[in-house]
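I have placed the structure first, in the form of structure tokens, so that the comments after it can refer back to it.
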Amino acid sequence: MAVTHRSLSVAVESSFGSLDSSTGAPSPSGLSFISIPCERDPIVVPGEAPVSERTEARDGPHGLPPELDTTYIGGVKQQRRTGTVTVRCDFTTLGTGSNYAATALGRLLSAGFSTTIPGAESDAVSAAVSDNRYTPTTLANYKLGGLIGIEINGRAEYAHVTSENASGTGNIGYSPAFSRALTGADTVRLLQTWYTAKGTASGAVGNSVAFRVDGVGVRSYAYGCKMESLALSVDGGRLMGDFTFQAAHIEDDHGSATGPVEPVANDGATPHFRSCYVVVSDAASTSRTDIAGDNGDEHARVSFDVSELSATITNTLTPVGQTSSLIGMSDMEVSDQTVEINLTLDSANTTISNDFRDAVVRDLLIGTGPVGDGQGMAINVPGAYLTVDPLIRKIDGEIVQQSLTYAASRFGGDAGTGDAGGTPLRIGLGL
Amino acid sequence: MSQGIASAFSFLVDRLQALTPKTDPSQGFVCVDPATGQELLTDRRPNTLRLFELRVTTYPHDDGQSGITGRKRLTAELRVRYDIPRDVGLLERIVGEDSSQLVNSLRDPAYSLATTGITSLITGEASTAPILDEAGNPAALLLVVPFDLLYAEAF
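Those protein sequence lines, which keep their order, are chains A and B.
Note that the numbering used here gives residue 95 to position 95 of the first sequence, counting from 1, and the numbers run on in steps of one.
Note that the numbering used here gives residue 1140 to position 140 of the second sequence, counting from 1, and the numbers run on in steps of one.
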């Protein structure tokens, strides 16, 4: 009998499925795992065996063992399962370090999104320009479409860069506006931003990952994993993420078990849905066409009084078939993505009353607190549209509420297409 | 001081003591029990407002994080003492204002994780309880704000 302390580790795969060139089977050789600071309960030995049932003629009332979808390597029949790996964790930010590449959180996100890393973790505002523009100190450190943040009056505020050459003079243009215009005394935090690639880059993600489950006398591997869904929720104020990954191949190696591995935690701050804002732009985002000229979208903001938040991002994963390896595929492409963000407002907002009727697309930015050095997280849907009528009021509870559900539309409000420019979904984490 | 309950409580105490109350701001929040052998909050302290202490009510237990020495969760209470004045209505309003400010301070997510180990803090429903003197008469009022503390204890 053994206790069930267990851990889940993640590694970046240099090639999908981590196939050993000499066998065509996945191998942990060369993978560098890092233990995820995640919840214990969802960690299980994953997968189900893909089988083909034998329905052959028989001479009596008996069954036949199913045929496992596998192959022989060197005369040895290979074990094989497929299935999902689930991870529940918060989004504790980087703290010290230059970016999220070597963190578990960064690896998880990069298995479902592309990412862009600013040239520095912050930049001092050189000069004020307007409510949506400022002159940066080092323009080259910014990323188009990347999220930026700042603490104003003790609250974390965020926006996204819509132009790196606003006014044609190298100013930063951003939207939505902060609660006040930036001044030369401000320092802006630049966030590493994960985004959903579009256009010719559609389906691109940072990398596939491999997982390793470690317990007492237990060791299992899942190879060729990409993010199928990410559900965001709030637990006691803390923003939680439920990640689901599809694994191309799962196998066990209990004989090599060395016990659970202590998680490696980041030392920034744990994002909370407190001391922050949920805002939409006061005017419609540029959506179906691309904005022309040097200036991107620059809108003022409308703040929501939100009591509940949840969001689900679902990637449609399509295997790219291949017979030359055990796992039967060369990749799992993200062939589509849906975004659903649910907000409950305790004070109904009337600015958006006709948004569903008129098909208005707005810039939605959901912040978390705190923001600072190695801290901060925000979610941005720059072309968000309502899928429910905002005039509906929830009147079956104690107070009148407004339930809003947003989805992601096209966004053309960035002056350019580089980095995260024009992408429909962004998640930023502080550096 | 490394991450853990001691540095977490010190951090919260410092943040509470830095608050400026809305009514009668000259009498700020002062911690009487910073774990250095001070007097108890229930000791006789006439004509004082807003003396407070943090007390653990349920000691740390495993919070279900992976690995072995993962995150811990404990329950604690913030107790603030108010002397009984003649004007009970004023007292109730002060306690109400203070309660809101204290909850805001406890919930402020800038927990300095790297030094305190605090992952999150979840406040519960605040309540009041009387402190009785030897004759059984109310001598003071305690405002009690319970909370769950999620944190890491470094060894």
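For every residue, glycine included, the Cβ atom is placed at its ideal position computed from N, Cα and C.
Apart from sequence neighbours up to five positions away, the residues of its chain that approach Glu53/A with a beta-carbon distance below 6 angstroms are Pro66, ordered along the chain. Taking the beta carbon of Ala257/A as reference, no residue of chain B falls within 7 angstroms; the closest one sits roughly 15 angstroms away. By alpha-carbon distance to Phe1009/B, the top candidate from Leu1074/B, Asp1062/B, Pro1025/B and Phe1155/B is Leu1074/B.
Cβ-Cβ distances below 7 angstroms link Thr368/A to Ala156, Leu239, Pro271, His272, Phe273, Cys276, Met377 and Ala378 in the same chain, with the five nearest sequence neighbours on each side left out; the list follows chain order. Within the model, the alpha-carbon separation for Arg40/A versus Ser98/A is close to 28 angstroms. For Asp1014/B, the secondary structure class from DSSP, reduced to helix, strand or coil, is helix. A residue is called buried once 16 or more other Cβ atoms fall within 10 Å of its Cβ, and Thr82/A is buried on that count. The straight-line gap separating the alpha-carbon atoms of Gly1028/B and Gly154/A is approximately 20 angstroms. For Ile36/A, the closest Cβ of chain B is nearer than 9 angstroms. Contact of Glu262/A with chain B by beta-carbon distance below 7 angstroms involves Gly1067, Ile1068 and Thr1069. Near chain A, meaning a CB-to-CB distance below 7 angstroms, the residues of the region 1105-1129 of chain B are Arg1107, Asp1108, Pro1109, Ala1110, Tyr1111, Leu1113, Ala1114, Thr1119, Ser1120 and Ile1122. For a Cβ distance threshold of 9 angstroms, nothing in chain B lies close to Thr187/A: the least Cβ distance comes to about 16 angstroms. Proximity of chain A to Ala1140/B at the Cβ level (cut-off 9 angstroms) is not reached, the minimal Cβ distance being about 31 angstroms. For the C-beta of Gly1064/B, the chain A residues within less than 9 angstroms are, from N- to C-terminus, Glu39, Arg40 and Asp41.
Per DSSP, reduced to three states, the secondary structure at Ala257/A is coil, with no helix or strand assignment. Collapsing the DSSP output to three states places Ile392/A in coil.
Using a Cβ-Cβ cut-off of 8 angstroms, Gly215/A is close to nothing in chain B; its nearest Cβ partner there is about 10 angstroms away. The three-state secondary structure of Ser179/A, taken from DSSP, is coil. Listed by position along chain B, the residues whose Cβ is nearer than 9 angstroms to that of Pro370/A are Asp1108, Pro1109, Ala1110 and Tyr1111. Using a Cβ distance threshold of 9 angstroms, Ala407/A and Thr316/A do not count as a contacting pair.
For the 9 angstroms CB-CB criterion, Ala181/A and Ala128/A form a contact. Under DSSP, His249/A takes part in a beta bridge, and its partners are Tyr223/A. Here the region 114-123 of chain A makes no contact with the region 27-38 of chain A; the two share fewer than three CB pairs at distances below 8 angstroms. When Ser335/A, Gly374/A, Thr200/A and Ala204/A are compared, the shortest CA-CA separation from Leu431/A is found for Gly374/A. Taking a cut-off of 8 angstroms on C-beta distances, the region 60-76 of chain A does not touch the region 398-415 of chain A, as fewer than three cross pairs fall below it. Annotation: the continuous alpha helix (DSSP H) that includes Gln1101/B extends over Val1088 to Arg1107. Bridge pairing for Leu1149/B: Leu1074/B and Leu1121/B [DSSP]. By DSSP's assignment, Ala384/A forms a beta bridge with Arg362/A and Ala408/A. Around the CB of Tyr195/A, 16 or more other CB atoms lie within 10 Å, so the residue is classed as buried. Excluding the 5 residues flanking it on each side, Gly184/A has same chain C-beta neighbours closer than 7 angstroms at Val125, Ser126, Ala127 and Ala128, in chain order. As for any beta strand (DSSP E) of minimum length 3 sitting wholly inside the region 294-361 of chain A, the runs are 301-304, 306-321 and 329-345, ordered along the chain. Around the beta carbon of Thr55/A, fewer than 16 other beta carbons lie within 10 angstroms, which makes this residue exposed.
According to the DSSP assignment, Leu190/A belongs to the beta strand (DSSP E) that extends over Thr187 to Tyr195. Using a CB distance cut-off of 9 angstroms, Leu1051/B does not count as an interface residue toward chain A. Sequence-distant partners of Ala283/A (beyond 5 residues in either direction) whose C-beta falls short of 6 angstroms from its own C-beta, in its chain, are His299.
Any Cβ of chain B closer than 9 angstroms to the Cβ of Gly236/A would place that residue at the interface, and such an atom is present.
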